[in-house]
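Asker: Here you go, one structure.
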Amino acid sequence: MPGLSPELLLRAYCQGYFPMAEGRETDELFWLDPEQRGVLPLDGFHIPRRLARTVRAERFDVRVDTAFEDVMRACAAPRPGHEDSWINGEILALYCALFEQGYAHCVECWREGELAGGLYGVHIGAAFFGESMFSRRRDASKVALVHLVARLCAGGFKLLDTQFVTPHLSGFGVVEIPRSVYRRRLREAVNSSADFYSLPEPCTGVEALQSITQIS
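Going left to right, the sequence shown walks through residues 91 to 306 as my numbering numbers them.
Encoded structure:
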């Protein structure tokens with residue numbers, strides 16, 4: 091995939107494609123366009139009761155867009171069950187460039203001054219394409235996901251693309267839709283507008299939960 095640039099990457103997302111690397115140490119990238127696409131309906135987001143209590147308890151200091159590269163590197167780091175990663179050096183550089191241009195964001199969970207978990211993704215129009223998440227402490231990535239969904243609900247987003255359905259996401263209401271349906275929703279979303287920064291900074295857990303329940 092020679093000559094891949096941030097601009098080409100954005101055009102690919104608008105067509106339904108996203109890139110991955112063969113491995114953390116490889117140079118080769120390939121495009122994916124799954125026949126069945128994972129999406130998380132913003133009006134059907136399910137928060138387990140225990141997790142809602144954790145969000146309200148403010149166990150983590152939740153921040154937005156303060157440590158994007160650190161979040162990406164943590165997502166790429168080896169962990170049990172995921173020794174390798176599809177995030178290589180080129181992927182890291184490309185998405186950091188998108189972040190600098192305002193097309194990528196991260197949600198971070200901090201605890202005692204250390205990055206405990208988080209996620210990142212790409213923002214085009216009213217679509218958010220979730221890329222990866224990580225946890226170093228229990229529930230950190232899940233709390234980050236709740237705060238992400240709260241922002242998307244408050245900001246008028248139309249699509250949260252999770253790419254695939256995973257066990258980690260299945261409990262939140264993720265569904266699979268055919269490629270043709272996904273592309274119709276994608277066209278509508280990328281040609282609309284939304285505000286990722288519609289919630290106050292910092293956003294409390296109670297404010298995040300209220301933002302979600304107003305939609306669902």
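Backbone N, C-alpha and C define an ideal beta-carbon position, used for all residues, glycine too.
For residue 153, is the classification buried or exposed, using 16 other Cβ atoms within 10 angstroms of its Cβ as the cut-off for buried?
Answerer: It counts as buried.
Asker: Assign residue 176 to one of two classes, buried (16 or more other C-beta atoms within 10 Å of its C-beta) or exposed (fewer than that).
Answerer: Flag for residue 176 reads buried.
Asker: Would you call the CB atoms of residue 178 and residue 279 closer than 8 Å?
Answerer: Their beta carbons are not under 8 Å apart, which means residue 178 does not touch residue 279 by this criterion.
Asker: What does DSSP give as the partner residue(s) for residue 214 in the beta ladder?
Answerer: DSSP output for residue 214 lists 217 as bridge partner(s).
Asker: Measuring only the C-alpha atoms, how far is residue 105 from residue 275?
Answerer: Residue 105 and residue 275: Cα-Cα distance of roughly 11 Å.
Asker: Should the segment 198–206 be called in touch with the segment 133–148, which here means at least 3 C-beta pairs below 8 Å?
Answerer: Touching, no, given that fewer than three Cβ pairs across the two stretches are closer than 8 Å.
Asker: Suppose you measure from the CA of residue 185 to the CA of residue 97; what does that come to, to the nearest Å?
Answerer: For residue 185 and residue 97, the distance between alpha carbons rounds to 11 Å.
Asker: According to DSSP, residue 126 sits in a beta bridge with which residue or residues?
Answerer: Partner(s): 268.
Asker: Reducing DSSP to helix, strand and coil, say where residue 136 ends up.
Answerer: Here residue 136 sits in coil by DSSP.
Asker: Looking at the structure shown, is residue 109 part of a helix, part of a strand, or coil, going by DSSP?
Answerer: Reduced to three states, the DSSP call for residue 109 is strand.
Asker: Check the DSSP bridge columns for residue 172 and list the partner residues they point to.
Answerer: The partner list for residue 172 (beta bridge, DSSP) reads 169.
Asker: Output yes or no for whether 8 Å exceeds the beta carbon distance between residue 307 and residue 207.
Answerer: Only positions 91 to 306 of the chain appear in the structure, and residue 307 is not among them; the question remains open.
Asker: Ignoring anything shorter than 3 residues or poking outside the segment 229–295, list the beta strand (DSSP E) runs there in chain order.
Answerer: Runs of the beta strand (DSSP E) inside the segment 229–295: 249–253, 265–268.
Asker: Below 8 Å, can you find three or more Cβ-Cβ pairs linking the segment 123–134 to the segment 159–171?
Answerer: No: the two stretches stay apart, fewer than three of their Cβ pairs being nearer than 8 Å.
Asker: Let me check understanding here. Comparing Cα to Cα, which of 233, 161, 123, 217 lies closest to residue 146?
Answerer: Minimum Cα distance to residue 146 is reached at 233.
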